[in-house]
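**Q** I have a structure I would like to understand better, so I am pasting it below and will then ask my questions one at a time.
2 protein chains.
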Amino acid sequence: MLKNFEVRKGQMPPEEVKALIKEKQGEFVRQQQRIKEHQLPVFVLVEGWGAAGKGTLIGNLIQELDPRFFRVVNMVAPKEEERRRPFLWRYMEKIPQAGEFVFLNSGWLDETAEDMLHHRIDGVDLEMRLQQIRVMDRQLKDNGYLVVKLFLQITPKEQKKRLKKLMESKDTKWRVTDKDLQQVKRREKYETVYERILEATNTGDVPWHIIDAADKKQALLHALHLLTNQIDQAVENAKIQPEILHKDYPLLSMPRLSQTPLDQEMDREEYKVRLKTLQKRLKRLHNRIYRKRIPVVIAYEGWDAAGKGGNIKRLSSALDPRGFEVYPIASPEPHEKARHYLWRFYHRLPKDGHIAIFDRSWYGRVMVERLEGFCSENDWKRAYNEINEFEKELSDWGAIVLKFWVHIDKDTQLARFQEREKTPEKQWKITQEDWRNREKWDAYEMAVDEMIARTSTENAPWHIIQSNNKYYARIQAIQIVIDAMEQRLEE
Amino acid sequence: MLKNFEVRKGQMPPEEVKALIKEKQGEFVRQQQRIKEHQLPVFVLVEGWGAAGKGTLIGNLIQELDPRFFRVVNMVAPKEEERRRPFLWRYMEKIPQAGEFVFLNSGWLDETAEDMLHHRIDGVDLEMRLQQIRVMDRQLKDNGYLVVKLFLQITPKEQKKRLKKLMESKDTKWRVTDKDLQQVKRREKYETVYERILEATNTGDVPWHIIDAADKKQALLHALHLLTNQIDQAVENAKIQPEILHKDYPLLSMPRLSQTPLDQEMDREEYKVRLKTLQKRLKRLHNRIYRKRIPVVIAYEGWDAAGKGGNIKRLSSALDPRGFEVYPIASPEPHEKARHYLWRFYHRLPKDGHIAIFDRSWYGRVMVERLEGFCSENDWKRAYNEINEFEKELSDWGAIVLKFWVHIDKDTQLARFQEREKTPEKQWKITQEDWRNREKWDAYEMAVDEMIARTSTENAPWHIIQSNNKYYARIQAIQIVIDAMEQRLEE
Numbered sequence: 000m001l002k003n004f005e006v007r008k009g010q011m012p013p014e015e016v017k018a019l020i021k022e023k024q025g026e027f028v029r030q031q032q033r034i035k036e037h038q039l040p041v042f043v044l045v046e047g048w049g050a051a052g053k054g055t056l057i058g059n060l061i062q063e064l065d066p067r068f069f070r071v072v073n074m075v076a077p078k079e080e081e082r083r084r085p086f087l088w089r090y091m092e093k094i095p096q097a098g099e100f101v102f103l104n105s106g107w108l109d110e111t112a113e114d115m116l117h118h119r120i121d122g123v124d125l126e127m128r129l130q131q132i133r134v135m136d137r138q139l140k141d142n143g144y145l146v147v148k149l150f151l152q153i154t155p156k157e158q159k160k161r162l163k164k165l166m167e168s169k170d171t172k173w174r175v176t177d178k179d180l181q182q183v184k185r186r187e188k189y190e191t192v193y194e195r196i197l198e199a200t201n202t203g204d205v206p207w208h209i210i211d212a213a214d215k216k217q218a219l220l221h222a223l224h225l226l227t228n229q230i231d232q233a234v235e236n237a238k239i240q241p242e243i244l245h246k247d248y249p250l251l252s253m254p255r256l257s258q259t260p261l262d263q264e265m266d267r268e269e270y271k272v273r274l275k276t277l278q279k280r281l282k283r284l285h286n287r288i289y290r291k292r293i294p295v296v297i298a299y300e301g302w303d304a305a306g307k308g309g310n311i312k313r314l315s316s317a318l319d320p321r322g323f324e325v326y327p328i329a330s331p332e333p334h335e336k337a338r339h340y341l342w343r344f345y346h347r348l349p350k351d352g353h354i355a356i357f358d359r360s361w362y363g364r365v366m367v368e369r370l371e372g373f374c375s376e377n378d379w380k381r382a383y384n385e386i387n388e389f390e391k392e393l394s395d396w397g398a399i400v401l402k403f404w405v406h407i408d409k410d411t412q413l414a415r416f417q418e419r420e421k422t423p424e425k426q427w428k429i430t431q432e433d434w435r436n437r438e439k440w441d442a443y444e445m446a447v448d449e450m451i452a453r454t455s456t457e458n459a460p461w462h463i464i465q466s467n468n469k470y471y472a473r474i475q476a477i478q479i480v481i482d483a484m485e486q487r488l489e490e
Numbered sequence: 000m001l002k003n004f005e006v007r008k009g010q011m012p013p014e015e016v017k018a019l020i021k022e023k024q025g026e027f028v029r030q031q032q033r034i035k036e037h038q039l040p041v042f043v044l045v046e047g048w049g050a051a052g053k054g055t056l057i058g059n060l061i062q063e064l065d066p067r068f069f070r071v072v073n074m075v076a077p078k079e080e081e082r083r084r085p086f087l088w089r090y091m092e093k094i095p096q097a098g099e100f101v102f103l104n105s106g107w108l109d110e111t112a113e114d115m116l117h118h119r120i121d122g123v124d125l126e127m128r129l130q131q132i133r134v135m136d137r138q139l140k141d142n143g144y145l146v147v148k149l150f151l152q153i154t155p156k157e158q159k160k161r162l163k164k165l166m167e168s169k170d171t172k173w174r175v176t177d178k179d180l181q182q183v184k185r186r187e188k189y190e191t192v193y194e195r196i197l198e199a200t201n202t203g204d205v206p207w208h209i210i211d212a213a214d215k216k217q218a219l220l221h222a223l224h225l226l227t228n229q230i231d232q233a234v235e236n237a238k239i240q241p242e243i244l245h246k247d248y249p250l251l252s253m254p255r256l257s258q259t260p261l262d263q264e265m266d267r268e269e270y271k272v273r274l275k276t277l278q279k280r281l282k283r284l285h286n287r288i289y290r291k292r293i294p295v296v297i298a299y300e301g302w303d304a305a306g307k308g309g310n311i312k313r314l315s316s317a318l319d320p321r322g323f324e325v326y327p328i329a330s331p332e333p334h335e336k337a338r339h340y341l342w343r344f345y346h347r348l349p350k351d352g353h354i355a356i357f358d359r360s361w362y363g364r365v366m367v368e369r370l371e372g373f374c375s376e377n378d379w380k381r382a383y384n385e386i387n388e389f390e391k392e393l394s395d396w397g398a399i400v401l402k403f404w405v406h407i408d409k410d411t412q413l414a415r416f417q418e419r420e421k422t423p424e425k426q427w428k429i430t431q432e433d434w435r436n437r438e439k440w441d442a443y444e445m446a447v448d449e450m451i452a453r454t455s456t457e458n459a460p461w462h463i464i465q466s467n468n469k470y471y472a473r474i475q476a477i478q479i480v481i482d483a484m485e486q487r488l489e490e
């Protein structure tokens with residue numbers, strides 16, 4: 000893309016450029032109101048050569064915008080806290096809310112290029128990363144985001160000239176980084192690497208735009224043109240339903256809920272003995288997992304009163320409290336609702352070596368949101384693939400990903416509901432909503448069967464926990480976690 | 000406190016200890032339900048000597064708790080992102096939500112001790128820090144928190160023995176830190192420093208509890224005793240209204256709103272010329288502020304339609320977009336409401352060298368929350384002092400703190416409301432709520448007068464921006480920011 004791109008200077012008379020900028024600037028400001036009205040989030044990534052004018056361009060773009068509804072983020076090399084999470088985590092953290100602009104000054108292109116040039120990534124890992132970027136771009140687009148990716152191009156001669164000028168004054172000298180100088184010295188290597196990333200992430204969904212940055216005014220005009228056009232288009236496109244993708248993830252063959260036996264028995268004595276042994280083993284494994292920096296993500300879903308809470312407690316009480324977090328997931332808060340639905344789970348991902356346990360999870364999308372109409376049909380139908388992609392990213396990052404459906408039959412639920420209503424200390428656990436959900440048992444069962452069938456992958460398998468007998472269920476879950484950890488540690 | 004504390008081992012027969020632990024453990028678990036019911040947030044700080052068993056104690060305390068409603072945080076040395084914020088910022092980030100436990104493994108005592116021992120803090124700075132800790136403790140308590148501070152005490156002999164044992168096995172050796180060894184070598188120095196901090200922060204509001212950690216079971220029993228008692232007490236105390244403090248902050252003498260002239264004129268021509276000059280100066284100053292790592296916090300308050308948005312825009316458009324953020328503040332979201340009301344502002348504090356501009360602010364407490372009854376009378380009356388303390392902390396940290404009341408008269412507001420209703424692009428800016436607020440003008444004016452009179456300090460002054468003429472107001476605000484920056488840079 001860079002190779003076929005010719006940098007030219009000043010094809011248009013400066014006055015004409017100035018007048019056009021003013022016109023486009025006005026249009027852009029009016030669009031800010033429009034994106035608020037349409038609740039469009041706009042994510043603008045500005046990449047390019049050192050001294051190509053990324054900061055200046057962003058400064059000019061926002062000049063007339065209402066500062067309450069945009070943010071500018073200067074991405075620097077990842078900090079330790081960021082390096083301990085998936086590559087895209089820190090970018091996902093920064094995605095705009097509905098109706099808001101976020102401008103990133105450098106981003107995943109620059110970070111990946113540096114990783115390549117310093118031999119921190121290559122081969123399969125590089126392919127995985129490029130794929131993750133493509134997936135993020137598409138997922139954001141499908142979830143109503145406008146993502147605009149700009150690359151500011153200047154010739155080596157121009158870059159040298161600009162850097163030289165910056166270095167001449169002590170007020171600007173500090174702005175010249177080592178990386179800038181490397182780019183001049185190793186221009187060809189950089190070009191090859193940039194080229195590679197640009198091409199690999201130049202998709203129909205979210206294409207790259209190479210901007211001739213030889214002249215700053217013309218570059219601004221070009222960027223304004225692109226942005227205003229794309230915002231118009233995005234508002235129009237909001238009516239078009241994104242395609243529902245069915246990617247070929249190797250799915251595990253899973254039983255339907257109705258085929259799952261629920262007649263296992265375990266008495267309190269046996270339970271206590273086995274629990275003690277398993278918790279000891281888990282404790283030791285947690286220590287090793289921590290030291291090997293393996294992240295663990297466990298999602299609990301299940302029927303109301305199936306015993307998720309008690310099950311989680313038996314698992315977590317064997318863990319070192321400094322190394323895990325349990326997240327109860329309720330309906331999203333406003334700032335969560337205003338972002339990609341996976342954002343709030345991304346946000347809660349553990350550091351490597353840590354364990355995150357979700358009490359309800361991102362699967363809400365294909366259960367309660369589907370059945371209660373909190374999202375559109377296209378949304379939840381798309382979600383199977385989006386979730387598989389999300390979990391693949393976790394697994395590529397190195398995480399152990401486990402998902403539990405805590406299962407009981409309808410009679411057992413009724414008995415437990417009644418028990419809760421009778422027992423004063425348990426009454427808070429039962430609400431009218433539980434009874435209402437119970438009436439929709441069949442619809443839920445169908446949704447759960449579909450969910451389990453379509454999202455049980457080798458890297459992130461579902462396990463149906465047989466919880467008519469809670470003792471049995473707890474032993475079953477803890478055993479699965481132990482097996483998964485041991486298997487990973489053996490690899 | 001440590002000097003008079005005698006460490007004794009095993010005064011009680013082990014079986015008796017075990018039985019009592021079991022009893023207290025049960026009580027503690029039942030209390031977890033109680034703190035949820037009463038929406039009590041419980042913040043437990045566990046400090047003490049290396050190898051005294053802090054981690055083990057926390058592990059035992061949480062053993063039976065529901066993991067969805069507690070968090071354990073292991074505090075390590077502050078990261079760069081944390082060091083660039085006020086000392087207490089990272090602790091405030093971690094305070095529990097209503098109905099939740101947070102256990103801190105080490106905290107502000109340990110961090111301060113290390114800073115003292117490594118000569119990073121002393122004299123006035125140390126006094127300031129100890130005062131900040133006392134203020135945080137009290138503010139949390141007054142805002143409905145239970146803060147429990149434990150210090151685990153062991154003798155030097157016992158510590159040496161435990162460290163030696165840990166170092167004997169390669170599985171535990173890594174847990175012995177350099178700091179632990181330093182504590183053994185420089186025991187007396189450590190004792191002096193701990194003593195100093197313990198005494199300075201041992202207040203009636205939030206006292207320290209020294210726990211004899213010679214025997215782990217007895218230490219656990221002691222901690223359980225303390226916690227269960229304090230939770231009971233805190234639930235009881237919730238009915239007692241905290242004292243309303245009036246500290247002697249040197250207040251600036253401020254005019255009432257009704258005495259503020261609003262007849263200044265400025266025409267568009269003059270405005271444009273002056274704005275251009277001032278924005279240039281501000282731009283240069285921002286660069287210097289950034290390089291000197293001075294944080295800037297600006298709060299905008301004002302009448303509806305006074306022109307806050309436009310004023311902020313003229314200020315921010317002169318700033319380097321990578322160095323500031325504008326935060327529009329609406330009513331708090333659930334996770335914000337569930338914490339100390341200053342938490343969401345703490346959370347948004349800038350890094351040093353950065354500028355945070357708040358469009359509406361923590362002053363909502365003494366305006367809208369007061370007048371609409373969103374908080375109790377005791378709450379808003381206490382808030383003047385709490386806010387002065389908060390702003391003093393910012394100023395002690397080194398921040399420039401400025402507060403603008405963007406002022407217009409009632410007729411001007413009416414004219415602007417009507418204008419908004421007539422102009423299609425502006426209609427979104429006017430709602431029924433604006434009209435309702437307008438009806439309460441006199442009540443608001445009284446509250447604003449009181450607020451300005453009681454919170455205009457030298458370190459964080461209020462400025463009444465005369466905004467009947469918006470041009471004049473914008474020039475006035477930007478000039479104040481410039482003056483404050485220049486003054487600081489000259490110091």
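So the sequences go chain by chain: Y and V.
Residue numbering for the first sequence follows numbering that gives the first Met the number 0, starting at 0 and increasing by one per position.
Residue numbering for the second sequence follows numbering that gives the first Met the number 0, starting at 0 and increasing by one per position.
The beta-carbon is built from N, C-alpha and C at its ideal position, and this holds for glycine as well.
#1: Is R359/Y closer than 8 Å to Y443/Y when the C-beta atoms are compared?
#2: By alpha-carbon positions, which one of M74/Y, L162/Y, K35/Y, A213/Y ends up nearest to Y144/Y?
#3: Can you list, in chain order, the residues of its chain whose CB lies under 8 Å from that of E46/Y, leaving out five sequence neighbours each side?
#4: Of the residues P320/Y, A337/Y, R435/Y, Y471/Y, which one's Cα is nearest the Cα of E37/Y?
#5: Anything in the segment 46-77 of chain Y with a Cβ closer than 7 Å to a Cβ of chain V? List those residues in chain order, please.
#6: Taking C-beta to C-beta, are D319/Y and D433/Y nearer than 8 Å?
#7: Please classify V6/Y: does DSSP put it in a helix, a strand, or coil?
#8: Any idea what DSSP makes of G106/Y, helix, strand or coil?
#9: Just to make sure I have the definition right: I need the residues of chain V whose C-beta is within less than 9 Å of the C-beta of D358/Y. Which are they?
#10: Taking only the alpha-carbon atoms, compute the straight-line gap between H346/V and D179/V and give it to the nearest angstrom.
#11: Name the chain V residues whose beta carbon is nearer than 7 Å to that of H334/Y?
#12: Would you say R33/Y reaches chain V, if we count a Cβ-Cβ gap shorter than 8 Å as a contact?
#13: Let me see if you follow: with CB-CB separation under 8 Å, is I230/Y close to chain V or not?
#14: Touching or not, the segment 417-427 of chain V and the segment 379-386 of chain V, by the rule of three or more beta carbon pairs under 8 Å?
#15: Compute the Euclidean distance between the alpha carbons of E63/V and H334/V, then round it to the nearest angstrom.
#16: Determine the direct distance from the alpha carbon of R89/V to that of M127/Y, and round the result to whole angstroms.
#17: Is the shortest distance between the beta-carbon of N310/V and the beta-carbons of chain Y less than 8 Å?
#18: Can you give the Cα-Cα distance for F357/V and S455/Y, rounded to whole angstroms?
#19: Using a Cβ cut-off of 8 Å, which residues of the segment 463-477 of chain Y contact any Cβ in chain V, in chain order?
#20: Just checking: is the beta-carbon of E79/V within a distance shorter than 8 Å of some beta-carbon in chain Y?
#21: Which residues in the same chain as F68/Y place their Cβ atom closer than 6 Å to its Cβ, once the five residues preceding and following it in sequence are excluded?
#22: Given that R321/V touches chain Y, what residues does it touch there, using C-beta distances under 7 Å?
#23: Can you give the beta carbon distance from A50/V to L165/V, rounded, assuming they're within the 8 Å contact cut?
#24: Does the segment 281-295 of chain V come into contact with the segment 245-252 of chain V, if we say contact requires no fewer than three beta-carbon pairs (one atom in each stretch) closer than 8 Å?
#25: DSSP three-state call for G25/V: helix, strand or coil?
#26: Figure out for me which residue from Y340/Y, Q240/Y, F403/Y, Y362/Y has the closest Cα to the Cα of G306/Y.
#27: Identify the residues that DSSP records as bridge partners of I239/V: which are they?
#28: Taking 8 Å as the threshold (beta carbon to beta carbon), is E99/V in contact with chain Y?
#29: Give a yes or no on whether 8 Å exceeds the smallest Cβ distance from P206/Y to chain V.
#30: By DSSP, does G301/V sit in helix, in strand, or in coil?
#31: Keeping to the same chain, check which residues put their C-beta closer than 6 Å to that of Y470/V; ignore five residues upstream and five downstream.
**A** Judging by the given coordinates:
#1: no
#2: K35/Y
#3: K53, S105, G106, L108, D109, K148, L149, F150, L151
#4: Reading off the sequence shown, one finds His at residue 37/Y, where the question assumed Glu. Checking every option, the nearest Cα to that of H37/Y belongs to A337/Y.
#5: Result list: G54, I57, G58, I61, Q62, D65, P66, R67, R70, V71, N73.
#6: no
#7: coil
#8: coil
#9: Simply P66, R67.
#10: 32 Å
#11: E332
#12: no
#13: no
#14: Contact between the segment 417-427 of chain V and the segment 379-386 of chain V is absent, because fewer than three Cβ pairs lie under 8 Å.
#15: Going from the Cα of E63/V to the Cα of H334/V covers about 25 Å.
#16: Using only the alpha carbons, I get a separation of about 35 Å.
#17: no
#18: 46 Å
#19: none
#20: Residue-level contact by beta carbon holds for E79/V and chain Y, with a gap shorter than 8 Å.
#21: E99
#22: G54, V71, N73, N104
#23: 7 Å
#24: no
#25: Here G25/V sits in helix by DSSP.
#26: Taking each of Y340/Y, Q240/Y, F403/Y, Y362/Y in turn and checking the Cα distance to G306/Y, the smallest one comes out for F403/Y.
#27: Beta-bridge pairing links I239/V to no other residue.
#28: no
#29: no
#30: strand
#31: Closer than 6 Å at the Cβ level, and outside the excluded window around Y470/V, lie M265, Y270.
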